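Student:
In this note's numbering, the protein residues as written are 10 to 283.
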């Protein structure tokens, strides 16, 4: 199912890099343009581990979905800022374990929406929503008949919060997370991670580059304590192993030793239960 068809917004800008298409390029996908690949090359000059982190993040997403389905009985997932379809999308991972799992994908990138209609919207248990992830009321309304709101839902905010700027209104990332936590049924989960760095040159350099490349459609590389505040400010109960580099979140393969870890920035976060 597709929600929020807005033909006037479906203009794909092939001259300005898109965060979704850049991420696709970093994952080795083909749904991107030269302008996106060029932007990735400039990003890699500031933060050389970026491509590795993108792949680590995707593996983390798969592990989280499998863990929540198998160990916690979650059958409903709301993927905020889902990005372009790739291998082992959320509904494919979840429905391989239980075909009754329901997955709603939310994104406002026109190319994501175009590909989502043909790739993600493949059965009655998937829903593609064309919306800004911060527009919670619109998303809740779109899913009120799709989800059973008396049962747990997992809200996925995986590698997307750095795309959102800090604000003094209800579009602030923290305010968005608070709304979701308040609306979700008891026993639900939030998965939150974003790119962080201890190096101010990396934080400022990447933020400035992405702000310029994407025409302002970017947020900010943050510090670990700022991401931790998303959990503590909303009184979320963090699951083991806590907030970590995502490669250390319940790994299913040997993790890299310290000397092979990224030193410029990392994907950092965890899973919380409401």
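Virtual Cβ for every residue (Gly too), placed ideally from N, Cα, C. Here the structure is a predicted model, which means the values were calculated and not measured.
If you scan the segment 125-188 from start to end, which runs of the alpha helix (DSSP H) of 4 or more residues do you find wholly inside it?
Tutor: Complete alpha helix (DSSP H) runs here, min 4: 145-152.
Student: Just to confirm my understanding: we take residue 58, look at its own chain, exclude 5 residues before and 5 after, and list those with CB closer than 6 Å. What are they?
Tutor: These residues qualify, in order along the chain: 271 and 273.
Student: Does the beta-carbon of residue 246 have 16 or more other beta-carbons within 10 angstroms, so that it is buried, or is it exposed?
Tutor: Label assigned to residue 246: exposed.
Student: Flag this pair as touching only if the segment 59-75 and the segment 99-111 have three or more C-beta atom pairs under 8 Å; answer yes or no.
Tutor: As far as the Cβ criterion goes, the segment 59-75 touches the segment 99-111, which means the pair count is three or higher.
Student: Using only CA atoms, which one of 167, 32, 175 and 207 lies nearest to residue 69?
Tutor: If we check each option's Cα against that of residue 69, 167 comes out closest.
Student: Thinking C-alpha only, which one of 123, 131 and 115 is nearest residue 138?
Tutor: Looking at the Cα atoms, 115 is the closest of the given residues.
Student: Suppose you measure from the CA of residue 20 to the CA of residue 119; what does that come to, to the nearest Å?
Tutor: Each residue's Cα considered, the two are about 6 Å apart.
Student: Pop quiz: residue 294 and residue 128 are said to be a contact at Cβ under 8 Å. What is the actual Cβ separation, rounded to whole angstroms?
Tutor: The displayed coordinates of the chain run from 10 to 283. Any statement about residue 294 would go beyond what the structure contains.
Student: Check for me: the alpha helix (DSSP H) holding residue 32 runs from which residue to which?
Tutor: Where residue 32 is concerned, the enclosing alpha helix (DSSP H) stretches over 28-35.
Student: Quick one: what's got a C-beta closer than 8 Å to residue 18's C-beta in the same chain, skipping five residues either side?
Tutor: Residue placement at residue 18 is flagged as unreliable, the pLDDT there being 47, under the threshold of 50; the coordinate-derived value follows with that caveat. Correct list, in chain order: 117, 119 and 139.
Student: Can you tell me whether residue 42 is helix, strand or coil according to DSSP?
Tutor: Residue 42 falls in the coil class under three-state DSSP.
Student: Decide yes or no for the touch test of the segment 197-206 against the segment 229-248: beta carbon pairs closer than 8 Å, at least 3 of them.
Tutor: As far as the Cβ criterion goes, the segment 197-206 touches the segment 229-248, which means the pair count is three or higher.
Student: Could you spell out where the alpha helix (DSSP H) holding residue 68 opens and where it closes?
Tutor: From DSSP, the alpha helix (DSSP H) with residue 68 extends over 59-81.
Student: With a threshold of 6 Å on Cβ separation, who are the neighbours of residue 216 within its own chain once the five nearest residues in sequence on each side are excluded?
Tutor: So the list reads 229 and 230, once near-sequence residues are dropped.
Student: Check whether the segment 178-197 touches the segment 139-158, taking contact to mean three or more Cβ pairs, one atom from each stretch, closer than 8 Å.
Tutor: Touching, yes.
Student: Which residues bound the alpha helix (DSSP H) around residue 238?
Tutor: It spans 233-241 - the alpha helix (DSSP H) in which residue 238 sits, taken as one unbroken run.
Student: Distance, Cα to Cα, residue 281 vs residue 23?
Tutor: Taking the straight line joining both Cα atoms gives about 38 Å.
Student: Around the C-beta of residue 221, are 16 or more other C-beta atoms found within 10 angstroms, so that it is buried, or is it exposed?
Tutor: With fewer than 16 Cβ atoms within 10 Å of its Cβ, residue 221 is classed as exposed.
Student: What does DSSP give as the partner residues of residue 199 in its beta bridges?
Tutor: In DSSP, residue 199 forms a bridge with 164 and 281.
Student: What number of angstroms, rounded off, separates the C-alpha of residue 172 from the C-alpha of residue 226?
Tutor: The alpha-carbon atoms of residue 172 and residue 226 are separated by roughly 7 Å.
Student: For residue 256, which option in 163, 66 and 45 has the closest C-alpha, if you only look at C-alpha atoms?
Tutor: Comparing Cα-Cα distances from residue 256 to each of 163, 66 and 45, the minimum goes to 66.
Student: Among 190, 195, 102 and 63, which residue has its Cα nearest to the Cα of residue 79?
Tutor: Of 190, 195, 102 and 63, the residue nearest in Cα terms is 102.
Student: Could you give the C-beta distance for residue 32 and residue 92, rounded to a whole number, given that I count them as a contact under 8 Å?
Tutor: With a Cβ gap of about 6 Å, residue 32 and residue 92 count as contacting.
Student: With distances taken between CB atoms, is the gap from residue 165 to residue 87 smaller than 9 Å?
Tutor: Yes.
Student: Could you give the DSSP three-state label for residue 17: helix, strand or coil?
Tutor: In this prediction, residue 17 has a pLDDT of 43, which is less than 50 and means its spatial position is unreliable; what the coordinates show is noted afterwards. Helix.
Student: Per DSSP, which one or two residues make a beta bridge with residue 247?
Tutor: 281, per the DSSP bridge assignment.
Student: When you compare each of 98, 278, 35 and 251 to residue 56 by their alpha carbons, which one comes out closest?
Tutor: When only C-alpha atoms are compared, the closest one is 35.
Student: Could you tell me the alpha carbon to alpha carbon distance between residue 269 and residue 263, rounded to whole angstroms?
Tutor: Their Cα atoms are separated by approximately 12 Å.
Student: DSSP puts residue 276 in a beta bridge; with which residues?
Tutor: Beta-bridge pairing links residue 276 to 204.
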